[in-house]
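Residue numbers (the numbering used here): 352 to 549. Think of the CB as a built atom: it goes at the ideal place given N, C-alpha and C, for glycine as much as any other residue. Working notes for the structure below.
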C-alpha cells in the first residue's frame with residue numbers, strides 16, 4: 352500500500368513544460384542550427400578560396416623553380432611559365448621553346464601547341480573549384496602569361512589581352528580570386544623581378 356502511495360505521489364508531482372518554454376527552446380535551437388549551417392557554407396567557401404590561391408601561387412613558383420633547375424640540361428626549353436585562362440576558369444604550367452630564345456623580350460607569346468609545330472607545350476592544367484572564380488583586377492593588370500627564362504630567371508609578364516605584343520616592362524601581373532558565397536577576395540601578384548606574393 353505504501354509503495355502504491357509513493358508511486359502515485361511521484362506521478363502527481365511531475366509537471367510538464369509550458370508552451371512558452373517549449374517555444375523558447377525550439378526558437379533557440381533553430382537559431383543555433385541556422386548559424387551553424389550559414390557558417391559552414393561560408394567557411395567552406397573561404398577554405399576553398401585559400402586553397403585555390405595557394406595552388407595558383409604554387410604553379411607560378413613551380414614554373415620559376417623549373418627555370419632555375421633545368422638550366423644545365425642539354426635539351427631545355429627557353430622558358431617555363433604559367434598561363435591564366437579566365438574564360439575557361441583554369442590556369443596552366445607550360446614550357447616555351449620559340450625558334451630563338453632571344454626573341455622572348457621583343458615578341459608576344461605564341462600559344463600554338465608543340466604538336467602543331469608551335470613553341471607552347473602545356474605540362475599541366477588546373478581548373479578552379481566550382482565555388483571559386485576569377486574576379487576583375489582593380490588595377491587593370493590582370494595576368495595572362497608569366498615566363499621565367501633561365502638562368503636567373505628573368506621574368507616577363509603579359510597582361511590580359513596583350514599576349515600578342517611584347518611583355519610590358521615594370522608591370523606586376525595580378526590574379527584575383529573570389530568565392531561565390533563570400534565577398535572576400537584574394538590577390539596573387541607576380542612582379543617583373545620574379546617575386547610571387549599571395
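Hey, could you find the ends of the beta strand (DSSP E) residue i is sitting in?
| i | result |
| --- | --- |
| residue 519 | Unbroken run through residue 519: none, as it is neither H nor E. |
| residue 434 | 430 to 436 |
| residue 331 | This structure cannot speak to residue 331, because the chain is shown only from 352 to 549. |
| residue 474 | 471 to 478 |
| residue 427 | Run containing residue 427: none; DSSP gives neither H nor E here. |
| residue 525 | 524 to 530 |
| residue 458 | Premise fails: residue 458 is in no beta strand (DSSP E) and is neither H nor E. |
| residue 537 | 536 to 541 |
| residue 508 | 505 to 510 |
| residue 483 | 483 to 486 |
| residue 451 | That residue, residue 451, is in no beta strand (DSSP E); it is neither H nor E in DSSP. |
Considering only C-alpha positions, which residue in the set the options is nearest to residue i?
| i | options | result |
| --- | --- | --- |
| residue 529 | 482, 492, 507 and 496 | 482 |
| residue 412 | 506, 513 and 520 | 506 |
| residue 496 | 387, 417, 517 and 453 | 517 |
| residue 404 | 426, 542, 537 and 547 | 537 |
| residue 504 | 418, 378, 472 and 394 | 418 |
| residue 427 | 452, 438, 377 and 546 | 452 |
| residue 549 | 410, 372 and 387 | 410 |
| residue 521 | 532, 541, 511 and 534 | 541 |
| residue 490 | 458, 526 and 468 | 526 |
When burial is assigned at 16 or more other CB atoms within 10 Å of the CB, is residue i buried or exposed?
| i | result |
| --- | --- |
| residue 408 | buried |
| residue 502 | exposed |
| residue 446 | buried |
| residue 464 | exposed |
| residue 539 | buried |
| residue 435 | buried |
| residue 400 | buried |
| residue 373 | exposed |
| residue 420 | exposed |
| residue 430 | buried |
Rounded C-beta distance between residue i and residue j? I'm assuming under 8 Å.
| i | j | result |
| --- | --- | --- |
| residue 499 | residue 396 | No, residue 499 and residue 396 are not in contact; Cβ-Cβ is about 32 Å, not under 8 Å. |
| residue 543 | residue 508 | 6 Å |
| residue 487 | residue 471 | With 8 Å as the limit, residue 487 and residue 471 do not qualify as a contact, their Cβ atoms being about 26 Å apart. |
| residue 485 | residue 533 | Rounded, the Cβ-Cβ distance is 15 Å, inconsistent with contact. |
Is residue i close to chain D? Criterion is C-beta to C-beta, closer than 8 Å.
| i | result |
| --- | --- |
| residue 546 | Going by chain labels, chain D is absent from the structure shown, which holds only one protein chain. |
Worksheet item: At a cut of 8 Å, does the segment 439 to 451 reach the segment 474 to 493 through at least three beta carbon pairs?
Response: Enough Cβ pairs lie closer than 8 Å, so yes.
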